[in-house]
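This report concerns only the one structure given below.
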Ligand SMILES: Nc1ncnc2c1ncn2[C@@H]1O[C@H](COP(=O)(O)OP(=O)(O)OP(=O)(O)O)[C@@H](O)[C@H]1O
Ligand SMILES: Nc1ncnc2c1ncn2[C@@H]1O[C@H](COP(=O)(O)OP(=O)(O)OP(=O)(O)O)[C@@H](O)[C@H]1O
Ligand SMILES: [Mg+2]
Ligand SMILES: [Mg+2]
């Protein structure tokens, strides 16, 4: 029975703050012990493929969820595209840059001047991928490409901006919100990039309790917490 | 500095267990291999030597991924070990120890090899004329005289095992209480915008652990040197 | 195996440049420090020793972060260097070399220290009775006799510098042509669902580079040993 | 009986020695660089002859044409090296006891006392080699070889660094050992020493045996 | 003139030696373990006395009460060690040349030839110490010290491992050196050797000077 009362969640590292709070609420309500392993989505997906004891997978992007589904390790019907996010342009708190209107043809390169633009790696880090897609759509990528400093994850990009090493950064609004050293100077239009989605799903080896947990993630209680951290709730909350 | 939380305690103790286990298990293999590399000529020696250094050359994530493919529950070796010997590395603390052991192996082997190479062969000859078989020569002369190198290797290996995180998190994930070491806990904390203070605290604890290991090893080394040089 | 792309070539050459630079610049400092630790007693020695090992103990990301705080353009030392000497590490390949040098420093120092400790002091005494001042003793007796350790340290350091990526990417991020080394390229590829094949190719290249360095060092070491033991 | 018939090339130096010795103590006499140490290294098995045969009491130790090479630790041949080669990590007592331990012999404390008394090293037992004087080191090395109870003893200038007084104490003891039947090969450049001890002389010069016979060959 | 008045404790062994020597060759005579090597180590500056004074030709080298300790490389005192201590990474020629290089003296190939001829090591110049015989090593060490042109030469049983023939060649050379005015301290347990060479004898026993004077004290 003790087995029944515990769940292991594999979650993208960028979800840590919000998810810790939600898990605490869930544990308090259901008496279920929640263990979360935070790592890169890529590592988690591959571990699940190799038989990791995960009940629930929360990915930071669609690609790795699709990868896991392709490997038949995910209970496909349980998949929900739970959360959304937006990407924003940030600058150090004391920067002169402010109120940038991000639209077609916006000249990011000139804005950066001789400074660097920090974001996640555009090949591998979801935030970086979205940033590149958006800039390409807006026609600003080519001119600015040389000025990018691609960080290992969003947190590192955020740090570069907060420390004033980079003049600008492109990160998730959730991260920008939590870092006092930066300010948001513009938001990328939602239609400039593929939808930013955090899918969740149970694994094929999940305990029955996992579905209950997934249901909780969709509840109003969870929504309140996710809202607090700036995530967009993409499903209609159940009570 | 605020209190250490129970979850942090768990990570600290796990790190110690993993690093100590990794170092203790790797040391005999390291000594054996160091001896082979120092004293034998054989076909494929360069390849073996390169293989030992591999975990140093590759990004840790790659090593972790290769471990996952090999020793994971569905991995080639992992499946066999689990089915036939009941040994499971996947997503267990033993897997973290395996990852740390492999990552620190090159650091362990080199100093030992260096010390074995420096042992005066005339003393080994003297030992053999007194009736010592090759393994006795090794156990009573070569190894004691190479002790400073063994200690240096163990310290480097232990320090590396405490700091290792890339291969570990890729291989056995970051499961609190099972595979979350101090280093991966620091990683998790750094991922959260408000985790810096807590991360800083864990960094200090890592440093204290490593200092302890260093001071202990210096103490042993000093004793060993005293023994060797007679004053 | 498909062709190596120009971008990959850039990363390979940059890796070589960074690793060679890091090793060459770190070696003299490593030798000096190893000598201090091996032969001098001074206040704060344990602290210095611990400091050297720190990059090994801490998760690389933490070291990278500390480097950013110190050597970033807004960092304590970084700002001073940039304003007064015009030396900039931030987002430059020199910064990658700095990160690699610091990460591999403990691996460089230990074997050298071990070898210096093993040098027979009676030979140093003989040298001084022949009129050699302390620095001459060091240059003509201690260092040549410690050569195997210097080589071992350089190889470990170089291998580590090739594989280093956590501290580098945190400190100078990943700018193709400027700071993107093989290791960070591999890391990026492995993070993408379809990057395994390309990553595998780069992994092979890393291995080849490291093998080359190893074989070269073995060759030097063999010569050195021959010189030392006279046969 | 010791039979040696070997050739060995060392750089430009060539050693070609052939002799048979029934003698209980074979004195190996020759100038510096004559090849004495190289020769007994081969008898000990530490160096392999390029070609030839070494046999002791009918047992073949080396025979290059038959591919025979008995390894040093199986020869039971004690060796007092020209440089003492004490184990620096063991104290004097452990150095003395080493051969007994390796051969798993019973402890023989009477013998230990006899030898430490003779060599006057009883007061040094707890000390490490690094803290011994040159002569003390040589005496411990002699004791260590004696205590390993070999069937043949090779002595490479064992009394070289000892004063007359000490020599005159130890030589008679070696004579007694000889008379008790332990065969020896004794390297020395001191003719007087050899006259007292050796029963047969092999004279080496530039790697060749130039004289062979009783102590009379030491003109 | 050499003045020594020192005490030194080494484990249980205590050395208390006081003597003055006008002699050009001071023979240091004593049994194994008497303290000879320890004493000349102090003269060379390799070991510091616990208390006392060492002075050479009016220059104070050690004076513990005044805190004076001239470091070995500034003493210009050559030392032939009991164990040869050749540099293993240098060949014989480089070993011989070492002192000259360190003291930045001009090359003196005549002197080099004279000494290599005398010691019969001319054929070994390209070889490394690992490939030398015991006696050859000792001869190279002797040559190395001589070629560093010291103002005082310490010799710790330099002829110990040499055969009679060789000794008889080298001793007269040392006598000549003595007569040319290079002062020496010569350690030996061979009274005959000392009688030929020494002009003054210091007899050591258990760390104490028991006799002092001309070669007559060597009864
Ligand atoms: N490894 C080697 N390579 C070349 N020559 C060598 C080697 N070992 C020894 N020799 C030479 O062989 C000769 C014989 O050496 P060996 O040590 O047997 O002499 P020895 O008779 O013991 O002399 P000593 O009385 O000086 O110890 C010497 O001339 C020496 O230089
Ligand atoms: N570091 C040390 N600690 C303790 N005792 C020592 C130390 N060094 C030397 N001794 C002792 O001091 C005494 C004198 O040693 P020293 O080497 O001066 O003798 P020596 O006269 O040169 O003898 P030999 O002729 O045997 O070389 C010896 O009994 C030796 O055991
Ligand atoms: Mg010899
Ligand atoms: Mg002595």
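Chains as they are written, first to last, in the numbering used here: chain A, 6 to 244; chain B, 76 to 306; chain C, 76 to 306; chain D, 15 to 233; chain E, 15 to 233.
We put the beta carbon where it would ideally sit given N, CA and C, even for glycine.
Roughly how many angstroms lie between the CA atoms of residue 7 of chain A and residue 35 of chain A, to the nearest whole one?
Interpretation of residue 7 of chain A is limited by its pLDDT of 44, a score under 50 that renders its predicted location unreliable; the figure taken from the coordinates is listed afterwards. Each residue's Cα considered, the two are about 13 Å apart.
With DSSP collapsed to three states, give me the class of residue 97 of chain A.
strand
With 16 other Cβ atoms within 10 Å as the buried cut-off, status of residue 118 of chain C
exposed
State the Cα-Cα distance for the pair residue 115 of chain B and residue 188 of chain B, rounded to the nearest angstrom.
So the two alpha carbons sit approximately 12 Å from each other.
Drop a sphere of 10 angstroms on the beta-carbon of residue 150 of chain E, count the other beta-carbons inside from all chains shown, and report buried for 16 or more, exposed for fewer.
buried
Listed by chain order, chain C residues near residue 69 of chain A by CB distance under 8 Å:
Those are 268, listed as they occur along chain C.
Measure the C-alpha to C-alpha separation of residue 95 of chain C and residue 80 of chain C and round it to an integer number of angstroms.
23 Å
Sequence-ordered residues whose beta carbon comes within less than 6 Å of a heavy atom of ligand 1:
C/306, D/24, D/25, D/27, D/44, D/46, D/47, D/48, D/49, D/50, D/51, D/52, D/96, E/145, E/146, E/147, E/148, E/149, E/150
Is it the case that the CB of residue 170 of chain D approaches a heavy atom of ligand 3 more closely than 7 Å?
yes
Cβ atoms of residue 122 of chain E and residue 46 of chain D: under 8 Å apart, would you say?
no
Throw me the rounded Cβ distance for the residue 184 of chain D and residue 132 of chain D pair, which I believe falls under 8 Å.
7 Å
Select from the segment 153–169 of chain C all residues with a C-beta closer than 8 Å to any C-beta belonging to chain A, and list them in chain order.
165, 166
Distance cutoff 8 Å, beta carbons only. Does residue 87 of chain B sit that close to anything in chain H?
In the structure shown, chain H does not exist; the protein chains are A, B, C, D and E.
Residues in its own chain within less than 8 Å of residue 265 of chain B by CB, not counting five upstream and five downstream?
271, 274
I'd like to confirm something about residue 175 of chain D: is its beta-carbon nearer than 7 Å to some heavy atom of ligand 2, or not?
Because some heavy atom of ligand 2 lies under 7 Å away, the Cβ of residue 175 of chain D counts as near it: yes.
Using the C-alpha atoms, what's the distance from residue 236 of chain C back to residue 154 of chain A?
About 21 Å.
Can you tell me which residues form a DSSP beta bridge with residue 266 of chain E?
The requested residue 266 of chain E does not occur in the structure, where chain E is confined to residues 15 to 233.
May I ask which residues mark the beginning and end of the alpha helix (DSSP H) holding residue 28 of chain E?
It is not in any alpha helix (DSSP H) - residue 28 of chain E instead sits in the beta strand (DSSP E) that spans 27–35.
Can you tell me which of the three DSSP states residue 191 of chain C falls into?
helix
By the three-class DSSP mapping on this structure, what secondary structure does residue 80 of chain C have?
coil
Cβ neighbour criterion (16 or more within 10 Å) applied to residue 222 of chain C
The Cβ neighbour count for residue 222 of chain C, taken over all protein chains shown within 10 Å, is at least 16; the residue is labelled buried.
Using a threshold of 8 Å, state whether the C-beta atoms of residue 58 of chain E and residue 168 of chain E are closer than that.
yes
What's the gap between the Cα of residue 250 of chain A and the Cα of residue 185 of chain B?
Absent from the structure is residue 250 of chain A, since the part of chain A shown begins at 6 and ends at 244.
Can you tell me whether DSSP reads residue 87 of chain D as helix, strand or coil?
helix
Sub-8 Å separation of residue 50 of chain A and residue 73 of chain A beta-carbons
Yes, they are a contact pair.
Reduced DSSP secondary structure (H/G/I, E/B, other) of residue 42 of chain A:
strand
Does chain B have any CB closer than 8 Å to the CB of residue 240 of chain A?
no
Give the secondary structure of residue 275 of chain C by DSSP, where H, G and I count as helix, E and B as strand, and everything else as coil.
Helix.
Could you pull out every residue in the same chain whose Cβ sits closer than 8 Å to the Cβ of residue 199 of chain C, ignoring the five residues on either side in sequence?
212, 216, 217
Residue 166 of chain D lies in the beta strand (DSSP E); which residues open and close that run?
166–170
Residues of its chain near residue 188 of chain D, where Cβ-Cβ distance is below 7 Å and the 5 sequence neighbours each way are ignored:
211
When you check each C-beta in the segment 21–48 of chain E against every C-beta of chain D, which residues fall closer than 7 Å?
25, 45, 46, 47
Residue 88 of chain E: buried (16+ other C-beta within 10 angstroms of its C-beta) or exposed?
exposed
Drop a sphere of 10 angstroms on the beta-carbon of residue 114 of chain E, count the other beta-carbons inside from all chains shown, and report buried for 16 or more, exposed for fewer.
buried
Grab the span of the alpha helix (DSSP H) containing residue 115 of chain E for me, first residue to last.
First-last of the alpha helix (DSSP H) with residue 115 of chain E: 106–116.
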